[in-house]
Amino acid sequence: MKKHLKTIFCLLLTGAMMCSMAACGKGQTGGNESGQSKEENTIKDVRVWLPPYGTEDSLDKAVWQKTFDEFTEETGGKVECQIIGWEAYPDKYLSGVNSGNGPDLGYMYADMVLEFINTNGIEDVGPYLTDADRDNFLYLEQGFIQGKQYGLPIIVGNPRVILYNKTLLEEAGVQPPKTRDEFVEACKKLTIDKDGDGEIDQWGYAQGWGDKAYGCMQEIFTPFLLSAGGQLFSDDGTKADFGNEAGVETAQFLWDLVYTHKVMPENCTGMTGPDVGDMFKASKVAFVSSATSSASTIDTVDWGYILGLEVNGQEAKTMMVADYLVLMSAARNKELTVELMRKMLSGESMERFHTELTPFPPVAKDEEYHDNPVFQDLYENHSHQLIAEKPVKNSFKINDYLYKNMQMVMMNELSPEEGIKGAADFANELLAE
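Residue numbers (mature numbering (1 follows the signal peptide of the UniProt record, and there is no 0)): -22 to -1, 1 to 411.
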């Protein structure tokens, strides 16, 4: 989940890919079609590399060791676990895989997964899953990348939602909107010049398009695109789908909030996410987009949330993040490794992870909810509406270009169609390389 490692990781990977394909391939394939030889099946230990969520080496190992001990008792297989700090994480994987000394079972965030798919570093785990697995795991679709089940989600969550100030809505006699049209009408009623000086004192909605990095689009662009029936990229990662009608429509909707409906400040490109958050905490704006983790820290206003806005009768959707357990192609006993993945994702194991290390919602049906109770309904009854962004190559350059174009749209220097189509053309050129 450490998005700030993206650029470093891509540079490291580029260097690693300069090694000979013969040398790299030797460490990544086995003796038959599945990469698993009969000799390897006699191996009864699994090497696991994980990132820290507690106090790195001590607490994380202690929590996971309980699961590993149970695994050993049930299967006879032993587990060798390394906890690797976030800053060294991608470098450690690259050097380990390329030297043939990597793990059998890995943990990867989205930006890592695609690069290891492209270098044959991880394998499709789909053929190893049972019907019971597919019924139990809640977010398998989020690990389905380029037509294969390359990841089993171990962490999902932090969806982007629309927060609203309950007090302001009640004072204006406004109900929380369900559709995009209802949202616009609500924002009009909640955009108010309170002191009659000709200046707006309370806005219906606000966004911060002045952030230096494109990550803010996960809150202020992508959820609206998803609810409009679009997505950033095609399922196989080869095309920029945001360039279609849904993308243009989304950009037009955001532009209209500023220049047509006048319910959002024109200086939004001079505002950052924290600036907008401060406005919401001071009751100077009725609606804002936010990650649920940020919403949980707001205690100055009585707030509620909506998942997203329905468009043309379509069910609203929004984005979340996902990290995965992956089966390394060089795993020495793939069946045993998958069995450990299954054990780590079991309800009992994940309950320890979520209560002793870090709170996140369940990834399977056999675990109870241990995250913020405010958002329990979101996960338990609307998980199918939460979409994780699929990794694609050159994603940093593409997202950065799209963000800069959208900034120009919001400054009224590009039309919504020009901004979206131009970014999509740029993206498709990179994706075709």
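Cβ atoms here follow ideal geometry from the backbone N, Cα and C, with glycine treated the same way. Values in this document were obtained by computation on a predicted structure and should not be read as measured data.
- Contacts around D378, its chain only, beta-carbon distance under 6 Å, and the 5 residues preceding and following it disregarded: Y192
- Query: If we count the other Cβ atoms within 10 Å of its Cβ and call it buried at 16 or more, is A164 buried or exposed?
  - Reply: buried
- Whose CA, out of G135, G151, T50, lies closest to the CA of K22? T50
- Query: Run through DSSP, which three-state label would I95 get?
  - Reply: helix
- Message: Can you tell me whether G84 is buried or exposed? The criterion is at least 16 other CB atoms within 10 Å of its CB, across all chains shown.
- Response: buried
- Looking at the structure shown, is K16 part of a helix, part of a strand, or coil, going by DSSP? Low confidence applies to K16: its pLDDT is 45, below 50, so where it sits in the model is not reliable, and the reading given next is rough at best. Coil.
- DSSP bridge partner residues for D23 (one or two, in chain order): K56
- Item | G282 - DSSP class collapsed to helix/strand/coil | strand
- Task: Using 7 Å as the cut-off, classify the Cβ of K166 as near or not near the heavy atoms of the ligand SAM, replying yes or no.
- Result: The ligand SAM is absent from the structure shown, which contains no ligand whatsoever.
- Just list the alpha helix (DSSP H) runs in the stretch 282 to 355, keeping only unbroken ones of 4 residues or longer that don't cross its boundaries, in chain order. 312 to 322, 325 to 330
- Query: Around the Cβ of P351, are there at least 16 other Cβ atoms within 10 angstroms (buried) or fewer (exposed)?
  - Reply: exposed
- Message: Assuming P131 is part of the beta strand (DSSP E), what are its boundary residues?
- Response: 130 to 135
- Out of curiosity, what's the CA-to-CA distance linking I123 and K368? 7 Å
- Task: State the start and end residues of the unbroken beta strand (DSSP E) segment that holds W181.
- Result: 181 to 184
- Message: Going by C-alpha to C-alpha distance, which of T336, M306, V304, E346 sits closest to S324?
- Response: E346
- Item | Three-way DSSP call (helix, strand, coil) for S268 in this model | strand
- Query: Under a three-way DSSP split, which group does Q230 fall into?
  - Reply: helix
- My guess is that L28 and Y302 are in contact by the Cβ rule of under 8 Å, so how many angstroms apart are they, rounded? About 12 Å separates the two Cβ atoms, so there is no contact after all.
- Query: Taking only runs of the alpha helix (DSSP H) that begin and end inside the stretch 149 to 214, which ones reach a length of at least 4 residues, in chain order?
  - Reply: 158 to 168, 195 to 198, 200 to 205
- Whole-angstrom distance between V91 and N19, CA atom to CA atom: 26 Å
- Message: I need the boundaries of the beta strand (DSSP E) containing L408, first residue and last residue.
- Response: First-last for L408: 394 to 409, but that is the alpha helix (DSSP H), not the beta strand (DSSP E).
- Do you know how far the Cα of V139 is from the Cα of K172? 27 Å
- Item | Assigned secondary structure, E367 (DSSP; H/G/I helix, E/B strand, else coil) | coil
- Counting only the same chain and skipping the five closest in sequence on each side, list residues whose C-beta sits under 6 Å from that of V75. G99
- Can you name the residues that DSSP bridges to M86? Y302
- Message: So, at 8 Å on beta carbons, what are the nonlocal neighbours of I365 in its own chain, with the 5 sequence-adjacent residues on each side left out?
- Response: Q120, L204, Q209, K295, T296, M297, M298
- Task: Could you tell me whether the stretch 385 to 397 touches the stretch 223 to 238, using the rule of 3 or more Cβ pairs below 8 Å?
- Result: yes
- Item | Spatial neighbours of Q43 in its chain, beta-carbon cut-off 8 Å, leaving aside the 5 residues before and after | C59
- Task: Determine the closest residue to G151 out of R158, D159, P137, K166, with distance taken between C-alpha atoms.
- Result: K166
- Beta-carbon gap between T169 and V241 smaller than 8 Å: yes
- Whole angstroms is fine: what's the gap from E11's alpha carbon to S73's? At E11 the pLDDT is 42, less than 50, meaning the model places this residue with poor confidence; the figure from the coordinates comes in the next sentence. Answer to the nearest angstrom: the Cα atoms are 25 Å apart.
- Once you ignore the five residues that flank Y353 on each side, which residues in its own chain have a CB closer than 6 Å to its CB? Sequence check: residue 353 is Phe here, not Tyr. These residues qualify, in order along the chain: T270.
- Task: Taking only the alpha-carbon atoms, compute the straight-line gap between N406 and T333 and give it to the nearest angstrom.
- Result: 43 Å
- Measure the beta-carbon distance from L141 to S268 and round it to whole angstroms, keeping in mind my assumption that it falls under 8 Å. 5 Å
- Buried or exposed (CB count within 10 angstroms, at least 16 for buried), E411: exposed
- Task: Name the residue from I376, G291, V266 whose alpha carbon lies nearest to the alpha carbon of Y283.
- Result: V266
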